[in-house]
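> Read in the numbering used here, the sequence shown has 1176 at position 82, and its numbers run on one by one without any break.
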Amino acid sequence: MIFRLDKHLLFPEPDLAEPDGLLAVGGDLSVRRLVLAYQNGIFPWYSDDSPILWYSPHERFVLYPQELKISKSMRQVLRSSRFTVTTNTCFNEVITACSTAPREGQDGTWITDDMKAAYNKLHAAGYAHSIEVWDNQELAGGIYGLKMGHVFCGESMFSRVSNASKTALIHLCQSGLYQLVDCQLHTEHLESMGARMISRDQYMAVLKNSSV
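1. What number of angstroms, rounded off, separates the C-alpha of P1229 from the C-alpha of F1252?
2. DSSP puts Y1238 in a beta bridge; with which residues?
3. Going by DSSP, what residue range makes up the alpha helix (DSSP H) through M1307?
4. Determine, using beta carbons only, whether Y1238 comes closer than 8 Å to chain C.
5. Exposed or buried, what is A1191 when buried is set at 16 or more other beta-carbons lying within 10 Å of its beta-carbon?
6. Where does D1201 land, buried or exposed, given buried means 16+ other C-beta within 10 angstroms?
7. Do the CB positions of T1108 and I1146 come within less than 8 Å of each other?
8. Short of 7 Å in beta carbon distance, which residues of its chain neighbour G1199, apart from the five on each side in sequence? Order them along the chain.
9. To the nearest angstrom, report how far apart A1258 and G1235 are at their CA atoms.
10. So, helix, strand or coil for T1281, using DSSP?
11. In this structure, how does DSSP classify T1183 when only helix, strand and coil are distinguished?
12. Quick one: grab the DSSP three-state call for S1304.
13. What's the C-alpha gap between R1126 and L1103?
14. So, with DSSP's three-state summary, where would you put I1189?
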């Protein structure tokens, strides 16, 4: 059953989501609603030609920092000190780059103008964060997402230079700030770096415990 949200700041129980994870439609992208969503394992994912759609997958693709796999070639890249990594220096540039990055099998982007505006507000409120990777003072890659306790809810990443997005993810995992990085949906790229599927119950247990 798909629930329709109204002006009230409420979400249905996540385990009522459809098999594809779709839980609800409608509502808004206010800071309060988005924070409530992420606190309950729910996130928005939709395109310009549809209403706001809210998802809570029955399985979650995640990366435990201690399980991060770094290839031999990637270790060489890190030792070379080619890249410089910063945090929260240009959030809007990172989310804009993610919205325009080509995605295999996708014609457009789910990072709409409304989404960019909403997540910039989340950033201003201290919830959304970005990691930037620089190559010769040029923005080469990055990642952005939300910090929910000791869980980083990764939203998107981009790379203009080979290995730049991997560098951002490795920096995130090695920061010591997180027990879990939520990758949301499966990709072979992230699986090769150690990400794996867990159940919603497992995910919610970490999310709730890390916020205490």
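C-beta atoms are modelled at their ideal positions from N, C-alpha and C, and glycine is treated no differently. Values in this document were obtained by computation on a predicted structure and should not be read as measured data.
By the coordinates alone:
1. Residue identity differs from the one stated: residue 1229 is Asp in this sequence, not Pro. Their backbone Cα atoms lie some 14 Å apart in a straight line.
2. S1224 and S1250
3. Residue 1307 falls outside the range modelled here, since the chain spans only 1095 to 1306, and no answer is possible.
4. No chain C appears in the structure shown, which is made up of a single protein chain.
5. A1191 should be labelled buried.
6. Any reading at D1201 needs caution, since the residue's pLDDT is 47, under 50, leaving its predicted position unreliable; the model's value is listed next. Burial call: exposed.
7. With the sequence shown as reference, residue 1108 is identified as Pro, and Thr is not the correct amino acid for it. No, Cβ-Cβ distance for P1108 and I1146 is not below 8 Å.
8. Note that G1199 scores a pLDDT of 49, beneath 50, so its modelled location is shaky; the value from the coordinates is reported in the next line. Counting only Cβ-Cβ distances below 7 Å, and skipping sequence neighbours, we find nothing.
9. Looking at the two C-alpha atoms, the distance is approximately 5 Å.
10. coil
11. Correct three-state label for T1183: coil.
12. helix
13. The alpha-carbon of R1126 is positioned some 8 Å away from that of L1103.
14. helix
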